[in-house]
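Each number in my numbering corresponds to the 1-based position in the sequence shown with 14 added.
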Amino acid sequence: MIRSSLWMRLASMVAVTLILSAPAARAEQTTPAATPGYTMPSTHMWEMTSTGGEIYRIFVSYPAADPPADGYPVLYVLDGNASFAGFAEARRIQERFDLGKSIIVGVGYPTDLAYDLRRLNDYTMPMLDPPPARWKGLAKYKSGGWDTFLDFLTGKLRTEISKRYKIDLNRQSLFGHSLGGLLALHTLYSRPQAFESIVAASPSLEWNEQGVLAEERAFAARLASGKVGKTSRLLVVVGGRDVDDDPYGAESFANRMEQLSGYGLRTRFRRYEEEGHMTVPARAVTDTLRFVFEPH
Numbered sequence: 015m016i017r018s019s020l021w022m023r024l025a026s027m028v029a030v031t032l033i034l035s036a037p038a039a040r041a042e043q044t045t046p047a048a049t050p051g052y053t054m055p056s057t058h059m060w061e062m063t064s065t066g067g068e069i070y071r072i073f074v075s076y077p078a079a080d081p082p083a084d085g086y087p088v089l090y091v092l093d094g095n096a097s098f099a100g101f102a103e104a105r106r107i108q109e110r111f112d113l114g115k116s117i118i119v120g121v122g123y124p125t126d127l128a129y130d131l132r133r134l135n136d137y138t139m140p141m142l143d144p145p146p147a148r149w150k151g152l153a154k155y156k157s158g159g160w161d162t163f164l165d166f167l168t169g170k171l172r173t174e175i176s177k178r179y180k181i182d183l184n185r186q187s188l189f190g191h192s193l194g195g196l197l198a199l200h201t202l203y204s205r206p207q208a209f210e211s212i213v214a215a216s217p218s219l220e221w222n223e224q225g226v227l228a229e230e231r232a233f234a235a236r237l238a239s240g241k242v243g244k245t246s247r248l249l250v251v252v253g254g255r256d257v258d259d260d261p262y263g264a265e266s267f268a269n270r271m272e273q274l275s276g277y278g279l280r281t282r283f284r285r286y287e288e289e290g291h292m293t294v295p296a297r298a299v300t301d302t303l304r305f306v307f308e309p310h
């Protein structure tokens, strides 16, 4: 057995030596020819510039079926570079059902990376000064632009989508994960009629020393006093193995929101025990599509 193992190691070393010493021309002959990349069916992509000059990459998944009389319902997915594809394919394979007769809009950035640093500014409130010790390393980057981003999302972008596709303006929904989930909650608090449904996946409630709690309390007070009126429906999803955003904190948050049901806020909660922070969005695709597109 020892001799056999030694022989295998020697044989591997010889093979590697032969490969490394092969002529360049020979290596070129074994290199596969360049092939085109995969293009997702039933999708469009373009870039848009916000009023402030920021460039966003917009991804759209659309159905082949004729739109309903009121137009297609729409789901806007933040971090589109990372999450659009999963939502788009889940919609497309269900196109013969009502769930697939909808539009997915991924809002991303002009990069091939899954995430872009600009999300730190687009999805957050201004960083405290001095910054919390936990976030000190991020203080050198721009933050605090979430209202400007929301102006683009609910204004120029929504207008452009309505020009290109027949959509139902009364059935617009939003999905955000992590800092995107934090933005989703800020949207609920600051613009409660902007979306029919909001999904916050593993929201970063701890950001900026839980600064979003002040907004939550103010929203709850306005809602209880009857000053909000009709508001978005809310789905909160978390992973049981999430070490970045405590799932218990998100569950406590969902319970607090559930207590506002008597004032018109409808809240649901899902916990995926085997999912971590980065896998929650993929796991949440089906639940999200059902929540935002099925009759309720």
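Glycine included, each C-beta is placed from N, C-alpha and C at the ideal position.
In whole angstroms, give me the CA-to-CA distance for residue i and residue j.
{"i": "Asp161", "j": "Asp136", "result": "8 Å"}
{"i": "Pro217", "j": "Ala47", "result": "44 Å"}
{"i": "Ile118", "j": "Lys150", "result": "36 Å"}
{"i": "Glu109", "j": "Leu89", "result": "15 Å"}
{"i": "Met271", "j": "Gly263", "result": "12 Å"}
{"i": "Pro206", "j": "Ile181", "result": "20 Å"}
{"i": "Leu171", "j": "Pro309", "result": "25 Å"}
{"i": "Pro146", "j": "Leu152", "result": "10 Å"}
{"i": "Met62", "j": "Ser176", "result": "14 Å"}
{"i": "Ala99", "j": "Arg185", "result": "21 Å"}
{"i": "Arg297", "j": "Pro144", "result": "37 Å"}
{"i": "Tyr277", "j": "Trp60", "result": "41 Å"}
{"i": "Ala38", "j": "Glu103", "result": "Interpretation of Ala38 is limited by its pLDDT of 42, a score under 50 that renders its predicted location unreliable; no figure is taken from the coordinates."}
{"i": "Ala78", "j": "Thr173", "result": "21 Å"}
{"i": "Val257", "j": "Thr125", "result": "27 Å"}
{"i": "Asp84", "j": "Thr293", "result": "34 Å"}
{"i": "Arg148", "j": "Leu219", "result": "14 Å"}
{"i": "Gly67", "j": "Tyr76", "result": "27 Å"}
{"i": "Gly169", "j": "Pro50", "result": "36 Å"}
Do residue i and residue j have their C-beta atoms within less than 7 Å of each other?
{"i": "Leu249", "j": "Phe305", "result": "yes"}
{"i": "His370", "j": "Ala208", "result": "Nothing in the structure corresponds to residue 370, since the chain is present only between 15 and 310."}
{"i": "Leu199", "j": "Ala234", "result": "no"}
{"i": "Arg280", "j": "Val252", "result": "no"}
{"i": "Val74", "j": "Gly94", "result": "no"}
{"i": "Ser97", "j": "Pro295", "result": "yes"}
{"i": "Thr302", "j": "Phe189", "result": "yes"}
{"i": "Leu142", "j": "Asn222", "result": "yes"}
{"i": "Ile212", "j": "Ser266", "result": "no"}
{"i": "Phe111", "j": "Val299", "result": "no"}
{"i": "Ser187", "j": "Glu210", "result": "yes"}
Rounded to the nearest angstrom, how far is the Cβ of residue i from that of residue j, given a contact under 8 Å?
{"i": "Tyr70", "j": "Tyr123", "result": "6 Å"}
{"i": "Phe307", "j": "Leu113", "result": "5 Å"}
{"i": "Leu92", "j": "Leu197", "result": "7 Å"}
Using 10 angstroms around the beta-carbon of residue i, count the other beta-carbons present and answer buried if the total reaches 16, otherwise exposed.
{"i": "Pro55", "result": "exposed"}
{"i": "His58", "result": "exposed"}
{"i": "Asn269", "result": "exposed"}
{"i": "Lys115", "result": "buried"}
{"i": "Ala228", "result": "exposed"}
{"i": "Pro87", "result": "buried"}
{"i": "Tyr52", "result": "exposed"}
{"i": "Thr201", "result": "buried"}
{"i": "Leu237", "result": "buried"}
{"i": "Leu394", "result": "This structure cannot settle anything about residue 394, because the visible part of the chain is limited to 15 through 310."}
Excluding the 5 residues preceding and the 5 following residue i in the sequence, name in chain order all residues of the same chain whose CB lies nearer than 6 Å to its CB.
{"i": "Gln106", "result": "In the sequence as presented, Gln is not what sits at residue 106; that position holds Arg. The answer, listed in chain order, is Ser56."}
{"i": "Leu134", "result": "Tyr155 and Ser157"}
{"i": "Gly225", "result": "Met139"}
{"i": "Pro81", "result": "Lys180"}
{"i": "Ile72", "result": "Trp60 and Met62"}
{"i": "Val242", "result": "Pro206 and Arg236"}
{"i": "Arg282", "result": "Leu249"}
Leaving out the 5 sequence neighbours to the left and right, which residues in its chain are closer than 8 Å to residue i when beta-carbon positions are compared?
{"i": "Ala232", "result": "Tyr203"}
{"i": "Thr138", "result": "Ser157, Gly158, Gly159, Trp160, Leu193, Leu196, Leu197, Trp221 and Asn222"}
{"i": "Arg178", "result": "His58 and Val74"}
{"i": "Lys244", "result": "Pro206, Gln207 and Gly278"}
Short of 7 Å in beta carbon distance, which residues of its chain neighbour residue i, apart from the five on each side in sequence? Order them along the chain.
{"i": "Arg132", "result": "Tyr123"}
{"i": "Glu230", "result": "Tyr203"}
{"i": "Arg255", "result": "Glu288, Glu289 and Gly290"}
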